[in-house]
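Reviewing the structure listed below.
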Amino acid sequence: MRTISLIAVSAVASIILFAGCSKSQTSENPGESLKSSEPNAQLSSKDRLSSAKTYTIVSTGQTRCYNNYIEINPPKPGEPFYGQDAQHPGLAPSYKDNGDGTVSDNNTGLMWVQARGSKLTWDAAIAGAKACRVGGYTDWRMPSIKELYSLINFNGGFHPEGNSLPYLDTRHFEFVYGNTQLGERPIDCQDWSSTQYLGRTMGNNPTVFGVNFADGRIKGYPKAFPNGREGTLYARYVRGNPAYGRNDFHDNGNGTITDKATGLMWSKADSGQGMNWETALAWVQKLNSKKYLGYNNLRLPNAKELQSIVDYTRAPAVTKSAAISPLFDVTKLSDGEYPFFWTSTTHLDGPADRQGSAAIYIAFGRATGWMGNPQTGTYQLLDVHGAGAQRSDPKSGDPSYFPYGRGPQGDVIRIYNFVRCVRDAK
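Residue numbering for the sequence shown follows my numbering, beginning at 7 and increasing consecutively.
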């Protein structure tokens with residue numbers, strides 16, 4: 007029995023080292039008291055939430071404007087491409103390095119482990135959080151997908167030819183790209199979240215959502231593969247503000263829905279039709295000129311705003327609904343799928359000749375892709391990344407040029423995506 011106990015202790019130590027917790031910052035006794043884990047003692051007073059909102063949406067960090075291809079001067083009202091992300095800057099990211107291996111987010115009330123650690127399975131990552139003692143704290147947890155996504159910064163961009171910039175503030179957080187010497191791609195450096203997908207991806211893979219801070223996406227990643235091999239990703243633990251990511255929706259009875267947790271007001275209805283990115287921006291401005299729903303300050307939401315209303319407890323294959331509160335109306339496409347929804351955020355990912363040519367969308371339905379069979383030469387349309395994924399589409403063009411999608415999983419390219427408007431609730 008003593009041999010078994012020593013093996014178990016050794017396994018836990020390995021897990022927490024992989025997750026960025028040094029042995030001196032861990033405890034083999036989960037009940038060991040180091041620093042207080044009471045919610046009100048988690049952060050100093052100046053690092054606590056600056057408002058009554060429990061789910062503060064921090065800006066994407068994007069400060070430049072783009073047309074369908076390149077950076078442009080900020081458009082004026084009435085001009086093409088007016089109303090994009092950089093023209094509604096929001097709350098700027100703000101972090102504090104606490105000098106003890108932790109970083110506090112001054113906006114969200116979340117505290118993070120600073121170190122990168124090493125890759126590990128999802129089950130090992132969950133176990134490692136309970137044993138982690140970084141900074142002397144005893145209440146680390148695996149972040150939800152909404153907590154993890156709060157860190158993303160869309161000034162980043164992955165460029166195959168080099169000069170890539172992570173979608174993460176590396177002044178405060180450690181980050182590494184995939185190790186090409188081990189046969190990995192540079193983008194093979196994703197982070198696990200605690201959020202499991204209710205459905206399955208790639209046919210029948212049990213799936214967990216994660217964020218790729220190398221290429222700026224949310225995808226569902228296999229918890230395990232059909233051959234029994236477990237997936238391994240990085241883990242960055244979090245603590246504080248347990249209410250972060252929980253919506254508090256109220257139907258106002260006038261075609262709008264307010265989320266009191268974020269302070270955002272949403273249109274209950276979507277656009278009812280797809281459009282390219284430039285048209286989407288113009289469409290919102292046209293609604294403002296008509297005071298749609300009684301307001302003239304609606305906008306196309308940025309990536310973080312739109313992802314905030316995803317309901318990750320829903321999946322089309324299981325709940326027979328889109329991954330969003332039933333308070334919202336969601337149009338179904340003619341093929342039975344749910345639309346992708348545009349954001350105002352440009353995705354600076356890909357080769358140099360395509361910088362500025364793609365914009366972020368959120369998939370509230372299946373994040374579909376065409377998976378090819380090299381033996382038969384046929385393709386199968388599958389849910390490859392899960393409802394709630396964040397990917398990107400070309401801002402303009404003809405979807406028929408992409409009959410089997412684009413990328414390693416054949417991401418479906420629609421280009422003509424839907425819109426749901428947002429404004430700040432006053």
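Glycine is no exception: its CB is placed at the ideal position from the N, C-alpha and C atoms.
Residue interval of the alpha helix (DSSP H) (run including Asp-129):
Here the question's residue 129 lines up with position 123 in the sequence shown. Residues 128–137.
Distance check for Ser-295 and Val-119, CA to CA, integer angstroms please.
The sequence position of residue 119 within the sequence shown is 113, counting from 1. The sequence position of residue 295 within the sequence shown is 289, counting from 1. Using only the alpha carbons, I get a separation of about 46 Å.
Inspect the CB distances between the region 366–376 and the region 332–347 and report whether three or more fall short of 8 Å.
yes
Whole angstroms is fine: what's the gap from Asp-145's alpha carbon to Thr-114's?
Reading the sequence shown from its first residue, position 139 is the one you call residue 145. Reading the sequence shown from its first residue, position 108 is the one you call residue 114. Their backbone Cα atoms lie some 17 Å apart in a straight line.
Are three or more beta carbon pairs between the region 212–219 and the region 281–290 nearer than 8 Å?
No, the region 212–219 is not in contact with the region 281–290.
With a threshold of 6 Å on Cβ separation, who are the neighbours of Val-316 within its own chain once the five nearest residues in sequence on each side are excluded?
Looking up residue 316 in the sequence shown gives position 310. Cβ neighbours of Val-316 beyond the five flanking positions: Ala-329, Gly-394.
Quick check: the Cα distance between Tyr-243 and Ala-131, rounded to an integer number of angstroms?
In the sequence shown, counting from the first residue as 1, residue 243 sits at position 237. In the sequence shown, counting from the first residue as 1, residue 131 sits at position 125. C-alpha separation (whole angstroms): 9 Å.
Is Lys-102 helix, strand or coil by DSSP?
For this step, residue 102 is matched to residue 96 along the sequence shown. Looking at Lys-102 - three-state DSSP - the assignment turns out to be strand.
In whole angstroms, give me the CA-to-CA distance for Ser-402 and Cys-27.
Start at 1 with the first residue of the sequence shown, and residue 402 comes out as number 396. Start at 1 with the first residue of the sequence shown, and residue 27 comes out as number 21. Their Cα atoms are separated by approximately 45 Å.
Rounded Cβ spacing between Val-425 and Trp-272 (contact assumed at less than 8 Å):
The residue you call residue 425 lines up with position 419 of the sequence shown. The residue you call residue 272 lines up with position 266 of the sequence shown. The Cβ separation is near 11 Å, so there is no contact.
If we count Cβ pairs, one from each stretch, closer than 8 Å, do we get three or more for the region 188–198 versus the region 374–393?
no
Arg-147 to Val-109 span [Cα, whole Å]
Locating residue 147 in the sequence shown gives position 141, counting from the first residue. Locating residue 109 in the sequence shown gives position 103, counting from the first residue. Answer to the nearest angstrom: the Cα atoms are 15 Å apart.
Top-ranked residue by Cα proximity to Gly-378, from Gly-392, Met-208, Glu-77
For the purposes of this step, residue 378 is taken as the residue at position 372 of the sequence shown. Checked all of Gly-392, Met-208, Glu-77; the closest Cα to Gly-378 is Met-208.
Pro-400 classed as buried or exposed, judged by whether at least 16 other C-beta atoms fall within 10 angstroms:
The residue you call residue 400 lines up with position 394 of the sequence shown. Burial call: buried.
I'd like the span of the beta strand (DSSP E) that includes Val-119, first residue to last.
By 1-based counting over the sequence shown, the position of residue 119 is 113. Note, Val-119: beta strand (DSSP E), 117–119.
For Tyr-155, report the span of its alpha helix (DSSP H) as first-last.
Walking along the sequence shown from the start, residue 155 turns up at place 149. Note, Tyr-155: alpha helix (DSSP H), 151–155.
Is the distance from the Cβ of Thr-352 to the Cβ of Asp-91 below 8 Å?
Reading the sequence shown from its first residue, position 346 is the one you call residue 352. Reading the sequence shown from its first residue, position 85 is the one you call residue 91. If you check the CB distance, Thr-352 and Asp-91 come in under 8 Å.
Would you report the Cα separation of Arg-70 and Asn-79, rounded to the nearest angstrom?
The residue labelled residue 70 in the question sits at position 64 within the sequence shown. The residue labelled residue 79 in the question sits at position 73 within the sequence shown. Those two C-alpha atoms are separated by around 8 Å.
DSSP state of Asp-257 mapped onto helix, strand, coil:
Along the sequence shown, one-based indexing puts residue 257 at 251. If DSSP states are grouped into helix, strand and coil, Asp-257 belongs with the strands.
Minimum C-alpha distance to Ala-98 - residue among Asp-129, Phe-160, Glu-85, Gly-141:
In the sequence shown, counting from the first residue as 1, residue 98 sits at position 92. Measuring from the Cα of Ala-98, the nearest candidate turns out to be Phe-160.
Could you tell me which residues DSSP pairs with Asn-218 in its beta bridges?
The count along the sequence shown starts at 1 and reaches residue 218 at position 212. Note: Asn-218 sits in a beta bridge opposite Arg-223.
Would you list the residues sitting across from Ser-402 in a DSSP beta bridge?
Position 396 of the sequence shown holds residue 402. Note: Ser-402 sits in no beta bridge, so no partner.
For Pro-212, the residue or residues it bridges with in DSSP
Numbered from 1 along the sequence shown, position 206 holds the residue referred to as residue 212. Per DSSP, Arg-206.
Determine the contact status of Arg-412 and Tyr-367, defining contact as a CB-CB distance below 8 Å.
Along the sequence shown, one-based indexing puts residue 412 at 406. Along the sequence shown, one-based indexing puts residue 367 at 361. Their beta carbons are not under 8 Å apart, which means Arg-412 does not touch Tyr-367 by this criterion.
Based on the DSSP output, what are the partners of Ala-369 in its beta bridges?
Position 363 of the sequence shown, counted from the first residue, corresponds to residue 369. In the DSSP output, where bridge partners are listed per residue, Ala-369 has Phe-346.
Return the first residue and the last residue of the alpha helix (DSSP H) that Thr-285 is part of.
Along the sequence shown, read from residue 1 onward, the residue named residue 285 stands at position 279. 283–295 is the extent of the alpha helix (DSSP H) around Thr-285.
Applying the 10 Å Cβ sphere with the 16-neighbour rule, what's the burial state of Ser-30?
Start at 1 with the first residue of the sequence shown, and residue 30 comes out as number 24. Here the model assigns Ser-30 a pLDDT of 45, short of 50, so the residue's position is not dependable and the matter cannot be decided.
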